[in-house]
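**Student:**
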Amino acid sequence: MINSSFSPKKYFLLLGLLISIFSFGQKKFTIVLDAGHGGSDHGASRYYGDLGTVREKDITLSVVLKVGRMLEKNKDYKVIYTRKIDEYPSLTERTTLANRSKADLFISVHVNANTKTSPYGTETFVQGPDQNKTNLEVAKAENDVIFLDEKDREMFASYDPKSPESLIALKIQQSKYLESSLLFGSFVEENFVKRDKRFSRGVKQQNLHVLRLNAMPSVLIETGFVSNYDEAVYLASEKGQDEIAESIYQAVLSYKKALERNGSASGPREVEKPEEKPLKNDFRILLMSTPTKYTSTDPALKGLNYILPIKENGMYKYYYSTTNLASVRDNNLKTAKDAGFRNATSISFVPNQKLGVGYYRLELAVTAQKLSSNSYMLNTVKDITRTKENGKFYYTYGRFSTLEEAVKMQKTLEDKGIKNTVIEKVLK
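Quick note: the sequence shown uses the numbering used here, first residue 687, plus one each step.
1. Measuring alpha carbon to alpha carbon, tell me which residue in I745, N877 and Y1081 is nearest Y1068.
2. Ordered along the chain, which non-local residues of its own chain (more than five positions away) have a Cβ less than 6 Å from that of I930?
3. My parser needs the alpha helix (DSSP H) runs of 4 or more residues fully inside the segment 977-1024; what are they?
4. For the candidate residues A730, E1049 and N1029, whose alpha-carbon lies nearest to that of A918?
5. Please name the residue in T1073, A1054 and K1040 whose C-alpha comes closest to that of E1091.
6. Since Q927 and Q813 are thought to touch, with beta carbons under 8 Å apart, how far apart are those beta carbons, to the nearest angstrom?
7. Could you give the residue range of the alpha helix (DSSP H) that holds A944?
8. Return the bridge partner residues of L791 from the DSSP annotation.
9. With the cut-off set at 8 Å, would you say I793 and D720 are in Cβ contact?
10. With H, G and I counted as helix, E and B as strand and the rest as coil, what does DSSP make of D1101?
11. Just tell me which of S933, L994 and N1065 has its CA closest to the CA of L973.
12. Mapping DSSP to helix, strand and coil, what is K1114?
13. Assuming L990 and Y980 form a contact by the criterion Cβ under 8 Å, report the distance between their Cβ atoms to the nearest whole angstrom.
14. Could you compute how far the alpha carbon of S1087 sits from the alpha carbon of Y1046?
15. Comparing alpha-carbon positions, which option in P964, N967 and Y1005 lies nearest T976?
16. Hey, out of Y935, R947 and E865, whose CA is closest to V753's CA?
17. Buried or exposed for M1001, please, with buried defined as at least 16 other CB atoms from any protein chain shown within 10 angstroms of its CB.
18. From R741 to Y734, what distance separates their C-alpha atoms?
19. Hey, N877 and Y806: beta-carbon distance below 8 Å or not?
20. Is it buried or exposed, I1033, if we count other Cβ atoms within 10 angstroms and call 16 or more buried?
21. Taking the C-alpha atoms as reference points, what is the distance between V797 and V938?
22. Using 10 angstroms around the beta-carbon of T768, count the other beta-carbons present and answer buried if the total reaches 16, otherwise exposed.
23. For the alpha helix (DSSP H) holding G864, just list the boundary residues, first then last.
24. May I ask you to list the residues that DSSP assigns as paired with D1047?
25. Taking the C-alpha atoms as reference points, what is the distance between G888 and F873?
26. If you run the structure through DSSP and keep just helix, strand and coil, what is L973?
27. For the segment 961-970 against the segment 1005-1023, do three or more pairs of beta-carbon atoms, one drawn from each stretch, fall closer than 8 Å, so that the two count as touching?
28. Need the endpoints of the alpha helix (DSSP H) that G754 sits in, please.
29. Looking only at C-alpha atoms, which of A784, D744 and L791 sits nearest to E865?
30. Can you find the residues in the same chain that come closer than 7 Å, C-beta to C-beta, to D744, ignoring five residues on each side of it along the sequence?
31. Could you give the C-beta distance for R1044 and V1112, rounded to a whole number, given that I count them as a contact under 8 Å?
32. Thinking C-beta only, is R881 closer than 8 Å to S933?
33. DSSP three-state label for T820, please.
34. Tell me which residues share the same chain as E758 and place their Cβ nearer than 6 Å to its Cβ, disregarding the 5 neighbours each side in the sequence.
35. By the 10 Å Cβ neighbour count, where 16 or more other Cβ atoms means buried, how is A1054 classified, buried or exposed?
36. Measuring alpha carbon to alpha carbon, tell me which of V795, T1073, T1071 and I996 ends up nearest F1035.
In structure tokens form, the structure reads like this:
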């Protein structure tokens, strides 16, 4: 017998209640708290006779746990820790955790140090370029950590913290959430000054690996100098850590309120921009023209991807990216110049334009000796032309009337394992 007490009205009321509860849960403001360093990586440290060894990893963990406990009392916040004990999560693990959690804010807490004992004060870093020499040393010191973990060595295999090329590569990675990061950073530093009567060194842009991979507003807070005795005393004390944690906590509250005033729970409201109309022509960025042939991974290309070499009159011209949008073109040009190609310029290409004189072909290889008849390339591609010039053998293929046709064939050959071919423009 069916129980007649079932009520559709009650059912839908219950369903509505569950949906509202679920929706409310989904709206929690997610914050990732990162205690810098940890485990075998002590970070900055100094020994004082009356204090013992004051270590960055201990201070950062204590402050982060205090901030977390404050936030967890508020049902509007969800807190995720990169570490809650004395261990070392790799930089990759820290940023991956934040991104997978779809966090609204990433806060990395650190302690500063200097070879001199006089510097003191707080400072907050957000991702971005900065040429100040002193700040650059901070970036190098923090980025050195990547060599402590195997996962980081895999991801940043060629990274040398003292290499200009590596710092150029860091510059290319621009912070998507710079505006929000600067806003939160300003709240943090303002609280340090007004609430704790500390000296603030300001909010600064810097290229730090723990920030550059985060798809969210992110800051790295330097809470003071362990190399300065007075600040070391403050940083190591319960009172100092409580004040620092309270200031960061209050900054989070202020930041969330500011977002809500702007009508967004995840970042400042973006101003709607009119839809950009495509240009008639395509634009590529000419990086350089040289008689030297480079492979796609050659250091001379500064780590840039989407490079198209075109050979013309014996010179190899290296073009970066392609677009028919003016905004993307301008951004590509800036990226190229930031990478070190100061004379880079945008070049217009008419789509599918047939050459009035001449044709395109693919230069497959340039060798000092003839290729063996067993060569994979010779056995894979038929009708290859071989010529000899200035003691070198040139292997070319095809005859194409448009650049697009040549690019399409180039990709087809690449799929077959024949890479680093060059499109050659033959004006005959």
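Just so it is clear, CB atoms sit at the ideal spot from N, CA and C, and this is done for glycine as well.
**Tutor:** Taking the structure as given:
1. Reading off the sequence shown, one finds Lys at residue 1068, where the question assumed Tyr. Nearest C-alpha to K1068: Y1081.
2. The answer, listed in chain order, is V749 and T909.
3. You should have 1012-1024.
4. Comparing Cα positions, the closest option is A730.
5. The shortest CA-to-CA distance from E1091 to any of T1073, A1054 and K1040 is the one to K1040.
6. So it is not a contact: roughly 26 Å between Cβ atoms.
7. Where A944 is concerned, the enclosing alpha helix (DSSP H) stretches over E924 to R947.
8. Partner(s): I717.
9. Result yes, Cβ atoms of I793 and D720 sit closer than 8 Å.
10. It is helical.
11. Nearest in C-alpha terms to L973, of all of S933, L994 and N1065, is L994.
12. K1114: coil per DSSP, three-state reduction.
13. That belief does not hold up - the Cβ atoms of L990 and Y980 are roughly 11 Å apart, past 8 Å.
14. Cα to Cα, S1087 sits roughly 6 Å from Y1046.
15. It is Y1005.
16. When only C-alpha atoms are compared, the closest one is Y935.
17. Its Cβ having fewer than 16 others within 10 Å, M1001 is exposed.
18. Taken atom to atom, the span from the alpha-carbon of R741 to that of Y734 is near 11 Å.
19. A distance of 8 Å or more separates the beta carbons of N877 and Y806.
20. Here I1033 is exposed: its Cβ has fewer than 16 other Cβ atoms, across all protein chains shown, within 10 Å.
21. Using only the alpha carbons, I get a separation of about 20 Å.
22. With a threshold of 16 other beta carbon atoms within 10 Å, T768 meets it and is buried.
23. It is Leu, not Gly, that sits at residue 864 in the sequence shown. Segment L864 to K880, the alpha helix (DSSP H) holding L864.
24. Before going further, note that residue 1047 is Arg rather than Asp in the sequence given. E1110, per the DSSP bridge assignment.
25. Distance between the alpha carbons of G888 and F873: 11 Å.
26. The answer is strand: DSSP assigns L973 an E or B state.
27. A contact is defined here as three or more CB-CB pairs under 8 Å, and the segment 961-970 meets this definition with respect to the segment 1005-1023.
28. From DSSP, the alpha helix (DSSP H) with G754 extends over E742 to E758.
29. Here the closest residue by C-alpha is L791.
30. Taken in chain order, the list of residues that qualify is empty.
31. Rather than Arg, the amino acid found at residue 1044 in this sequence is Gly. With a beta-carbon spacing of about 5 Å, G1044 and V1112 fall inside the 8 Å limit used to define contacts.
32. Less than 8 Å divides the Cβ of S933 from the Cβ of R881.
33. Residue confidence for T820 is low, a pLDDT of 44 falling below 50, so the modelled location carries little weight; the figure read from the coordinates is stated next. The answer is helix: DSSP assigns T820 an H, G or I state.
34. Taking C-beta separations shorter than 6 Å and ignoring five residues to either side along the sequence, the partners of E758 in its chain run V765, following chain order.
35. Label assigned to A1054: exposed.
36. Nearest option by C-alpha distance: I996.
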